[in-house]
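**Student:** Protein chains in written order, with the working numbering: chain A, 40 to 735; chain B, 40 to 735. Every residue gets a Cβ at the ideal spot worked out from N, C-alpha and C, and that includes glycine. Here's a structure for you.
Protein chains: 2
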Amino acid sequence: MHSLQPVFVPQSVAIVGASSDPDRIGGRLLRFLLEAKYKGAIYPINKSGAVEIQGLPAFASVSDIPGQVDQAVIVVPPPGVASALMESIAKGVKCVVVLTSGFAELGEEGRAAQDKLVAMCREAGVRMLGPNSLGLLNVDTRYFATFSTVLYGLQPRSGSISLATQSGAFGSCAYGMATLRGLGLSKIIATGNEADIDVAECIDYLAEDPQTKVICAALESCRDGQRLRAALLKAAAAGKPVLVMKVGRTELGAAAASTHTGSLAGNDAVFDAVFQECGAYRPESIEEMLDIAYYCTVTGRLPPNNALGIITGSGGIGVLMADHAGDLNLTMPALSPDGVAAAQALLPFAVAANPLDMTAQVTSVPDGISRTTEVMLKHGNYGTVFAYLAHAGLAPDRFSSTIDRLAELRLQYPDKDLVMVMLSAHQSTEKLEAIGIPVFADPTRAMKAMGAAAKMAAQRNHLYAMPTHKLVSTRLSDVGSEQGAKHVLKMAGLPVLSEQVCTTAESASQFATQIGFPVVAKIASPDIQHKTEIGGVLLNLQDAAAVKAGFEILLARAQQHAPHAHIEGVLITPMVKGGVETILGVQVDPTFGPMILFGAGGTSVELFKDVALASAPLTPASARRLMEKVKSTALLRGWRGSPPADEAAVVNALCQLSEFAMAHADQLQSVDINPLLVQQNGAVCLDAVISLKTSH
Amino acid sequence: MHSLQPVFVPQSVAIVGASSDPDRIGGRLLRFLLEAKYKGAIYPINKSGAVEIQGLPAFASVSDIPGQVDQAVIVVPPPGVASALMESIAKGVKCVVVLTSGFAELGEEGRAAQDKLVAMCREAGVRMLGPNSLGLLNVDTRYFATFSTVLYGLQPRSGSISLATQSGAFGSCAYGMATLRGLGLSKIIATGNEADIDVAECIDYLAEDPQTKVICAALESCRDGQRLRAALLKAAAAGKPVLVMKVGRTELGAAAASTHTGSLAGNDAVFDAVFQECGAYRPESIEEMLDIAYYCTVTGRLPPNNALGIITGSGGIGVLMADHAGDLNLTMPALSPDGVAAAQALLPFAVAANPLDMTAQVTSVPDGISRTTEVMLKHGNYGTVFAYLAHAGLAPDRFSSTIDRLAELRLQYPDKDLVMVMLSAHQSTEKLEAIGIPVFADPTRAMKAMGAAAKMAAQRNHLYAMPTHKLVSTRLSDVGSEQGAKHVLKMAGLPVLSEQVCTTAESASQFATQIGFPVVAKIASPDIQHKTEIGGVLLNLQDAAAVKAGFEILLARAQQHAPHAHIEGVLITPMVKGGVETILGVQVDPTFGPMILFGAGGTSVELFKDVALASAPLTPASARRLMEKVKSTALLRGWRGSPPADEAAVVNALCQLSEFAMAHADQLQSVDINPLLVQQNGAVCLDAVISLKTSH
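Printed below as a string of structure tokens:
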């Protein structure tokens with residue numbers, strides 16, 4: 040049994056802080072439970088000693104309850120929470136739901152009080168939701184443990200969409216929007232301060248919950264990246280779409296988030312990468328989240344493939360939908376020759392293309408719409424067929440024979456999805472949904488829902504593999520200088536040129552002669568980060584004399600511009616020409632651990648943010664996918680007639696870097712290899728900086 | 040009086056092809072007019088000789104009508120249209136609306152028949168809507184001249200949004216969606232084949248129509264770019280928001296459009312540029328178009344400025360909205376110190392930031408919501424204040440005192456806009472709308488509507504100035520070669536290096552000595568377009584000997600790789616080093632005339648499509664705006680510590696190129712200056728290609 044089962048499906052509940060006033064928080068909670076006709080035992084607790092609250096026998100303390108209690112919901116003011124918790128634990132509850140606020144969200148003092156609650160629960164083996172949670176709703180078992188006033192106006196419809204959210208207000212908003220549009224819900228839970236149970240663990244539960252078909256989630260932060268990854272992967276393995284919102288995307292948003300939660304919003308691009316690798320989709324709005332959830336619950340799955348066939352009663356709307364298909368990376372293959380023949384036989388005036396514009400002619404063909412639909416289902420290799428039918432659904436009586444025919448087609452072509460875009464009366468919509476056909480009014484929203492679902496399906500072909508063992512690592516040291524960093528990376532298997540820090544002009548020229556001219560000379564100092572800015576790099580030195588002279592020039596410049604820097608000498612390396620500059624990096628994210636960064640091509644990183652991230656460890660295949668996300672990777676592939684560069688060498692370097700990052704994740708803060716120069720044969724790190732965590 | 044006045048506001052109408060069957064096209068048209076209670080005279084015409092149709096006296100021909108007829112609506116089958124038109128003209132109608140399809144949209148034969156109708160109308164000075172039009176709706180005068188079945192289910196609500204659309208189906212879709220959500224409409228017109236009246240002219244009419252406050256439009260193509268520009272500018276001058284959709288954006292969409300309309304979709308980026316320059320916004324979906332129209336009709340204007348203040352009952356939703364503000368280039372300035380003090384006095388537990396999270400505390404403060412709103416209106420310099428209020432609107436009774444207070448605030452702060460985001464019952468929404476406050480359920484849609492309106496307002500600070508006179512031009516010739524093109528551009532005032540085509544090695548070395556070393560030598564041949572590919576360019580020739588040798592090498596390479604090319608000699612130019620490469624171009628668009636293109640920075644044009652377009656003629660200010668749209672323009676501004684390049688020289692070159700393009704628009708097809716090398720002082724065209732229209 041999942042450890043959150045008693046949270047979502049308690050057999051009995053004590054409401055600690057229940058009130059007789061059905062509009063006060065503790066009363067509202069009880070009232071909603073009663074109105075919902077929850078079948079389990081409900082025990083109102085109020086230390087006032089009332090013998091009856093809202094018609095139920097009441098108790099002064101949880102310990103007074105005669106029978107077994109699965110869950111205690113605590114709504115007493117903050118000072119009373121600890122003792123209520125203690126009594127509940129003593130009574131033997133399996134879990135507590137703390138709705139009371141006034142803990143970690145208020146500052147240090149609140150955090151300390153909260154930590155005490157956690158410690159009590161941990162010791163007793165009791166799970167805790169909250170504090171500062173808005174509670175939960177199990178629509179299936181009618182267990183409504185929340186005081187959200189949204190229940191005054193809106194009763195949930197039972198269905199298969201579940202929602203796990205940190206913010207209760209966010210949950211109320213999504214709940215309200217879903218309910219107003221008639222979407223059916225299974226479970227909704229607000230985790231609040233997440234002192235124990237977090238959104239990740241709720242996703243884990245919902246992944247195995249048989250009533251939940253689609254999981255929606257909303258995060259403001261994440262405490263345990265591995266737990267979130269594992270939960271998302273479990274949901275993906277269960278074939279359940281996961282739609283997860285994470286606010287704080289843009290600079291303005293992140294600024295707002297930091298005032299709001301008092302914590303840094305985390306690296307947003309890392310969340311993006313992790314969601315994608317774990318097969319979850321990140322909607323940009325609540326409405327989009329609900330659109331996709333609706334789409335997938337009605338079709339019952341993610342789209343079978345990326346290929347889309349469109350039937351339309353309007354050329355213009357057909358083109359609009361094709362525009363979106365282009366944006367969404369969907370394909371719109373042409374009809375097969377048989378399909379063209381079939382379409383022309385049916386609608387001689389129409390152009391048998393995709394989109395297939397039925398023209399006004401379709402109205403004069405018996406069963407025209409369903410027969411055109413059949414042509415598309417039968418002859419195109421379309422996983423999904425969209426039909427734009429204007430306002431056909433507004434006349435349910437006239438449209439009902441078409442629906443009957445579409446129902447037959449659904450059975451005949453079970454591997455393909457059908458979607459209707461039209462204005463539709465409730466009656467038509469409901470019948471179509473019952474046979475697995477989603478109905479949208481706006482063509483754009485329909486396309487976007489399908490595009491998102493198709494993207495999720497594609498991502499799930501390449502899921503992240505969680506590392507199964509920790510890599511053995513030695514302690515990193517002496518990485519503060521360029522040559523130290525490069526040495527460590529060389530040991531880790533990355534391609535680094537022969538180089539040496541020389542302390543005299545003579546030894547510099549000797550080493551240069553040994554490795555062959557031309558060479559590069561750079562000032563070597565842990566105190567000088569930006570060497571080029573002080574003229575600390577000399578390129579293309581052609582002979583021993585130039586190296587000797589260069590040695591003196593560099594020392595003089597260092598003396599002039601950084602008189603207090605500790606100078607280790609001059610670094611001599613071979614001068615490498617040609618090739619494509621790329622950037623490789625590691626960022627050890629506090630939540631998600633080591634992330635590997637790739638970028639390519641000079642100004643493109645800064646100007647166009649043309650970089651991408653992937654979770655370590657990388658496999659050669661995931662390294663290649665990482666490279667695919669970067670547009671400038673095209674520069675490696677024979678750009679403007681130049682010979683192709685050695686992509687395999689980049690893949691190899693990325694994998695070695697990933698292994699290095701995994702082995703030293705505890706010590707590392709970041710690695711920057713800039714550039715890794717990629718040549719026709721091989722690649723080489725020309726510069727590298729390694730930063731360790733300050734505690735090391 | 041606007042020449043379309045009789046189209047939109049006829050006093051009397053003949054329905055040619057009226058039928059007694061209210062479900063057939065000609066009957067439906069009449070039925071809708073009767074049901075709408077149109078006040079003008081209606082004359083059903085049917086050559087069957089029926090004396091009465093749907094209760095009205097009927098006539099066999101328009102000529103039989105006793106009185107004056109403003110408009111004839113023709114719905115007879117195609118063969119009868121010409122004679123119906125002739126009779127209508129003879130009767131003295133001011134305009135005809137041809138709903139019959141089967142003309143230019145079917146091919147050449149249909150086009151010829153359509154051209155005859157146009158000729159008849161032109162000769163008689165009669166305006167024509169259609170053919171293949173779905174008609175029009177004037178909600179104000181109850182003139183419903185359409186057979187769209189969408190009117191079976193949905194009656195329009197009167198309001199101030201008007202819609203001009205080429206595609207009738209698109210119009211029906213937008214009409215249906217608008218009406219289902221309760222938006223009020225003024226006029227809707229479908230222009231169909233646009234044989235005479237087009238969408239541009241309808242926009243021109245709506246710009247001066249007093250009932251229309253917001254203009255929506257949908258184009259599939261545009262015949263007269265100048266007319267469209269003029270109409271959009273007129274609407275902007277009238278302060279009316281214009282929301283124009285143009286399908287065929289993406290490759291898939293354009294492919295779909297070409298099968299659908301049988302015409303090229305036109306250069307989509309040109310439409311983008313023109314819409315922006317003329318102060319119109321291009322929504323990506325019908326729903327977005329309606330959201331913005333709703334926003335602007337309720338607030339009665341475009342946003343006063345870009346600054347946004349947010350009040351929220353949920354931290355998470357506040358961050359979500361701030362995320363969108365970031366995407367939409369809105370600003371969210373902090374509250375003033377007075378504002379912070381006022382907010383803290385009101386809500387001691389809240390962080391007085393922007394977004395201002397009211398927390399649950401607001402419920403315990405009397406008039407908490409409206410008083411917080413007042414703080415934002417009074418103390419922030421926010422043109423617009425958003426309030427996220429969860430589901431407050433679902434309890435109209437409890438919320439009504441807040442609405443009363445907000446109404447007072449609206450009067451007190453007339454220069455600022457207020458927008459509510461919440462779930463809301465119809466009753467609350469209607470009251471808020473009546474006091475100028477739009478209400479949205481989805482926070483994202485609300486933000487996007489505001490962002491679009493703010494963008495439109497900003498664009499209207501820099502509107503395109505239509506050219507008032509034609510530039511005097513001389514005929515272009517000899518532009519087929521690089522040196523010919525550069526010579527012409529030099530004459531037009533663009534910076535071009537001294538250069539000369541030399542026919543002997545001796546003259547080449549002499550010219551090189553004269554202009555100074557180093558030089559570049561290029562093979563000069565109208566038949567060799569891609570010189571570098573055959574090794575036809577030699578850089579950095581240092582002395583006379585190198586030039587002489589180079590001359591022979593180039594001739595030999597040309598002989599080898601292009602034995603049949605006509606070789607004019609070798610072009611000698613100074614070798615220029617350093618500087619930032621930019622691209623300048625002209626594309627003479629068949630619809631919109633000469634467009635000026637700017638791009639910068641090597642691979643960025645191809646890899647990131649980092650180019651922008653602007654309509655000629657450019658002013659220095661519009662040239663600078665064009666440059667602002669290109670991210671790589673940053674490379675001109677002291678990138679990575681390099682000295683800033685001469686932006687003014689680029690502005691000047693753009694303006695000269697624009698003048699050249701205006702003067703030769705009739706002859707030119709395109710100009711490509713690639714690169715214009717921009718140095719610290721000045722800029723210079725290093726290569727140029729001019730293409731003329733094939734007819735020249």
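1) In angstroms, rounded to a whole number, what distance separates the CA positions of L610 (chain B) and K616 (chain B)?
2) Please name the residues in the region 566 to 597 of chain B whose beta-carbon is closer than 9 Å to at least one beta-carbon of chain A, in chain order.
3) What does Y452 (chain A) touch in chain B if you count any residue whose Cβ is under 9 Å from its own?
4) How is the beta strand (DSSP E) around T226 (chain B) delimited, first residue to last?
5) State the Cα-Cα distance for the pair T336 (chain A) and V627 (chain A), rounded to the nearest angstrom.
6) First and last residue of the alpha helix (DSSP H) that includes D243 (chain A)?
7) Applying the criterion that 16 or more other CB atoms from any shown protein chain within 10 Å of the CB defines a buried residue, is M40 (chain A) buried or exposed?
8) Consult DSSP for K285 (chain A) and reduce its assignment to one of helix, strand or coil.
9) In terms of alpha-carbon separation, which member of B:K561, B:K570, B:I567 lies closest to G589 (chain B)?
10) Taking only the alpha-carbon atoms, compute the straight-line gap between A80 (chain A) and Y427 (chain B) and give it to the nearest angstrom.
11) How would you label G106 (chain A), buried or exposed, when you count the other beta carbons within 10 angstroms and need 16 or more for buried?
12) Can you give me the start and stop residues for the alpha helix (DSSP H) that C317 (chain B) sits inside?
13) Please state whether DSSP places E591 (chain A) in a helix, a strand or coil.
14) Are the CB atoms of T188 (chain A) and L176 (chain A) nearer to each other than 8 Å?
15) According to DSSP, is R196 (chain B) helix, strand or coil?
16) If we ignore side chains and look at the alpha-carbon of each, how far apart do C241 (chain B) and D248 (chain B) end up?
17) Which ranges would you report for the alpha helix (DSSP H) in the region 676 to 732 of chain A if only whole runs of at least 4 residues count?
18) Could you list the residues in the region 314 to 348 of chain A with a C-beta less than 8 Å from some C-beta on chain B, going in chain order?
19) Assuming V746 (chain B) contacts D109 (chain B) under a Cβ cut-off of 8 Å, what Cβ separation, rounded to an integer in Å, is found between them?
20) I want to know whether the region 46 to 66 of chain B touches the region 252 to 268 of chain B - three or more CB-CB distances under 8 Å.
21) With H634 (chain A) as the anchor, note down where its beta strand (DSSP E) starts and where it stops.
22) With a threshold of 16 other CB atoms inside 10 Å of the CB of S440 (chain A), please say whether the residue is buried or exposed.
23) H703 (chain A): buried (16+ other C-beta within 10 angstroms of its C-beta) or exposed?
24) To the nearest angstrom, how far is the alpha carbon of A722 (chain B) from that of L696 (chain B)?
25) What are the residues in the region 429 to 462 of chain A lying within 8 Å of chain B by C-beta distance?
26) Let me check one thing: in DSSP terms, what residues is R166 (chain A) bridge-paired to?
27) On a Cα-Cα basis, can you pick out the residue from A:L457, A:R449, A:I350 that is closest to T411 (chain A)?
28) Within the same chain, show all residues whose beta-carbon is closer than 8 Å to that of Y214 (chain A), passing over the 5 residues directly before and after it, in chain order.
29) Spell out whether any CB of chain A is found under 8 Å from the CB atom of I476 (chain B).
30) Helix, strand or coil for K273 (chain B)? Go by DSSP, reduced to three states.
31) In the DSSP assignment, the alpha helix (DSSP H) including C335 (chain B) goes from what residue to what residue?
32) Measure the Cβ-Cβ separation of L665 (chain A) and L693 (chain A) and say whether it is below 8 Å.
33) With burial defined as no fewer than 16 other Cβ atoms inside 10 Å of the residue's Cβ, what is the status of H418 (chain A): buried or exposed?
34) M328 (chain B) and L282 (chain B): beta carbons closer than 8 Å?
35) What did DSSP end up calling S51 (chain A) once you bin it into helix, strand or coil?
36) So with CB distances below 8 Å, who are the chain A contacts of D311 (chain B)?
**Tutor:** Reading it off the structure:
1) 18 Å
2) T571, E572
3) Result: empty, since nearest Cβ-Cβ is about 23 Å, beyond 9 Å.
4) The identity of residue 226 (chain B) in the sequence shown is Lys, whereas the question assumes Thr. From DSSP, the beta strand (DSSP E) with K226 (chain B) extends over 223 to 229.
5) 37 Å
6) 238 to 247
7) exposed
8) strand
9) B:K561
10) 37 Å
11) exposed
12) Run containing C317 (chain B): none; DSSP gives neither H nor E here.
13) helix
14) no
15) strand
16) 10 Å
17) 686 to 702
18) E323, S324, I325, E326, E327
19) Since the first residue shown for chain B is 40 and the last is 735, residue 746 (chain B) is missing from the structure and cannot be characterised.
20) no
21) It should be noted that the sequence gives Met, not His, for residue 634 (chain A). Where M634 (chain A) is concerned, the enclosing beta strand (DSSP E) stretches over 632 to 639.
22) exposed
23) buried
24) 13 Å
25) A429, H430, L433, A434, L462
26) A:C134
27) A:I350
28) L176, S187, V189, L193, P195, L202, L224, I227
29) no
30) helix
31) 325 to 338
32) yes
33) buried
34) yes
35) strand
36) By Cβ distance, chain A contributes nothing, its closest Cβ being about 13 Å from D311 (chain B), past 8 Å.
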